[in-house]
Every structure is written in C-alpha cells, then in structure tokens.
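Using this note's numbering, you'd call the opening residue of the sequence shown number 489 and step up by one each time. Report on the structure given below.
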Amino acid sequence: MIELTDQQVQALENLEVAPPRLVNPRTKETFVLLRVDEYERLREDYDDSPWTREELEALAWDAGKQIGWEDADEYDDPPEKP
489 MIELTDQQVQ ALENLEVAPP RLVNPRTKET FVLLRVDEYE RLREDYDDSP
539 WTREELEALA WDAGKQIGWE DADEYDDPPE KP
C-alpha cells in the first residue's frame, strides 16, 4: 500500500476534478484514484463473462445502424449457409 504525502492529502481534500487523476512520470500513463467503496460498487456491477451470441449479434446490428446501414433490420434472419 502507498501512503500519501501531506501535499497529496491536501490535493484530495480540495478536488476540482473527481475522481482525481494521477500520472506516472516515467511512463506518462494516467490512472484514476477511487475510494474503496466506489471501487467495490463498480466491481459488483462489472460482468467480465464471455459475451453470448445474442449480445454479439445485437452489438453488430447496432454498429451497422450507427454507420448508416439503415436497412439492417431487413437482415434479422440471415440466409441459410450453403
């Protein structure tokens, strides 16, 4: 566990941006700092199980509509494979 300095604690108490973002000066990667209760709540709602066939098909149809395939509804029943 990393313990914050007094300057870091003061910055957390005077947040202008929530959640606070931290930058690793070596890699320039940005991280978000969450309270444990916020992290646990997000973790409870997160589902990392594999997508079902139905979810993948729904996502594909939505993506097609977003790029202008307005007739995508006509293809709800794809033709049989030869």
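Even for Gly, the Cβ is constructed at its ideal location relative to N, Cα and C.
Report yes if the CB atom of residue i is closer than 8 Å to the CB atom of residue j, and no otherwise.
{"i": "P507", "j": "L530", "result": "no"}
{"i": "R509", "j": "T518", "result": "yes"}
What residue range does the alpha helix (DSSP H) around residue i cover?
{"i": "L522", "result": "First-last for L522: undefined, no H or E at that position."}
What number of angstroms, rounded off, separates the C-alpha of residue i from the C-alpha of residue j?
{"i": "Y527", "j": "V511", "result": "19 Å"}
{"i": "V497", "j": "D525", "result": "18 Å"}
{"i": "T540", "j": "A546", "result": "10 Å"}
{"i": "D535", "j": "I555", "result": "27 Å"}
{"i": "D550", "j": "P538", "result": "19 Å"}
State yes or no: is the beta carbon of residue i nearer than 8 Å to at least one beta carbon in chain B?
{"i": "L503", "result": "In the structure shown, chain B does not exist; there is a single protein chain."}
Determine the closest residue to residue i out of the options, with distance taken between C-alpha atoms.
{"i": "V520", "options": "P538, E532, E542 and L500", "result": "L500"}
Checklist entry - What are the uninterrupted segments assigned as alpha helix (DSSP H) that are 4 or more residues long and contained completely in the region 497-557, given in chain order? => result Counting only runs that start and end inside the region 497-557, the alpha helix (DSSP H) elements of at least 4 residues fall at 524-533 and 541-554.
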